[in-house]
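Beneath this line is the structure, given in structure tokens, with notes to follow.
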Amino acid sequence: METTQEVQEVLDKLKNTISTDKDFAETFTAAIIAKHNAETAAAAAAAAVSVAASAPSATAVGPASVETNHFNEHQQQSEHDQLQRIAEQHQAEIEKGKQQLQEQLDQLGRQPKEESAHDPSIIQTTENQDEHHQQVLQHIATAAAAAEASTLATVPITIPPPAPTPIAKPAPGSEEWHKMRRDNHKEVERRRRETINEGINDLAKMIPNCDKNKGSILRQAVKYIQTLITDSERFAGSEEQLASARFEVEKYKLEKGVAEATHQSLSLQHEQLKREYDELRKKMDDLEEHASKKQRTE
């Protein structure tokens, strides 16, 4: 009995201490809310600066290239992820604060816990905390929506064309089937005539002094082609004769070169023989003159 009274007295003292200190739970919750307010203001300022920095560049550049659009999209996605992480951190810190508050209340005992559950100040503080949490989430959602809208504004949206619906083929032998065959035959015939007309017009452009009649164009084209073939054959024969004449000329040039070399060699030999003849003639004259002088002296 005495132990129960002592425990009750300790609990009363703790209750009075919490009341005189202006509610420990309220003070703790207010500190958490102030911290959240500071972090939320910093995150909102960073997001506003990022959006303000990206908006002028998007309006000034105009239609950007695909690489710039991808870069802007990646940047906006990074900002969105950063805001999401901030929201998750706020949520985790709020849950942590609630858990710590619950632990503090559990330490005070069952009776202070029941009294504090009905305490208007704690209920009001919890409601303020939830309202602040909702404001933070709404601000983050607004910033994320603005970032996503700016990303969609900078990235060109290409809508694929609708797939063509298959056309049902008519039954064989029906009127629509015969009509489709006639239309196909007319289309093939029209393309064939267009091809023939284009070929005749091209022939008329290549043939000199050609008539406008298609039959005359074809006859003159045949004659012109035959003339070209005859001239080509004649020119081919002329080229062969020219090549043969060039070969003969080259042959004569070679023979001429050989003859000139032979003539030059013979000329050198003639000069050598002439010099030798002159020397021998001179020696003979000297000998005859010496012999005649010897006879006269005798």
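Numbering (the UniProt record's numbering), first residue to last: 1 to 298. Idealized CB from N, CA, C, for every residue including glycine.
Query raised in the report: When you compare only the Cα positions, how much space is there between P170 and R182?
Result: Taking the Cα positions, P170 is about 14 angstroms away from R182.
Query raised in the report: Using DSSP with H/G/I as helix, E/B as strand and the rest coil, what is I225?
Result: I225: helix per DSSP, three-state reduction.
Requested in this report: With a cut-off of 8 angstroms on the beta carbons, I'd call Q220 and C210 a contact; round off their distance for me.
Outcome: Confirmed, about 5 angstroms.
Query - For G173, the three-state DSSP class (helix, strand or coil) - result: Coil, per DSSP.
Query raised in the report: Buried or exposed: which applies to I196, given that a residue is buried once 16 or more other Cβ atoms fall within 10 Å of its Cβ?
Result: I196 is classed as exposed because its beta carbon has fewer than 16 other beta carbons within 10 Å across all chains shown.
Query raised in the report: By how many angstroms is the C-alpha of E93 removed from the C-alpha of Q100?
Result: Their Cα atoms are separated by approximately 10 angstroms.
Requested in this report: Quick one: using the 10 Å Cβ neighbour count with 16 as the cut-off for buried, is H290 buried or exposed?
Outcome: When all chains shown are included, H290 counts as exposed.
**Report entry** Reduced DSSP secondary structure (H/G/I, E/B, other) of N201
**Finding:** Helix at N201.
Query raised in the report: What do you get for Q77, buried or exposed, if any count of 16 or more other CB atoms within 10 angstroms of its CB means buried?
Result: With fewer than 16 other Cβ atoms within 10 Å, it is exposed.
**Report entry** Collapsed DSSP secondary structure at D278 in the structure displayed
**Finding:** In the structure shown, D278 adopts helical secondary structure according to DSSP, grouped into three states.
Query raised in the report: Any idea what DSSP makes of D106, helix, strand or coil?
Result: Three-state result, D106: helix.
Query raised in the report: So, are the CB atoms of K207 and Y224 less than 7 angstroms apart?
Result: Note that residue 207 is Ile in the sequence shown here, rather than Lys. Taking the C-beta atoms as reference points, Y224 is found nearer than 7 angstroms to I207.
Query raised in the report: Rounded to a whole number of angstroms, what is the C-alpha to C-alpha distance between E240 and S265?
Result: Whole-angstrom Cα-Cα distance: 38 angstroms.
Query raised in the report: Rounded C-beta distance between L203 and I217? I'm assuming under 8 angstroms.
Result: Going by Cβ atoms, the distance from L203 to I217 rounds to 6 angstroms, so yes, they are a contact pair.
Report task. Determine the burial state of E79: buried for a count of at least 16 other Cβ atoms within 10 Å of its Cβ, exposed for fewer. Result -> Counting Cβ neighbours within 10 Å, E79 comes out buried, since at least 16 surround it.
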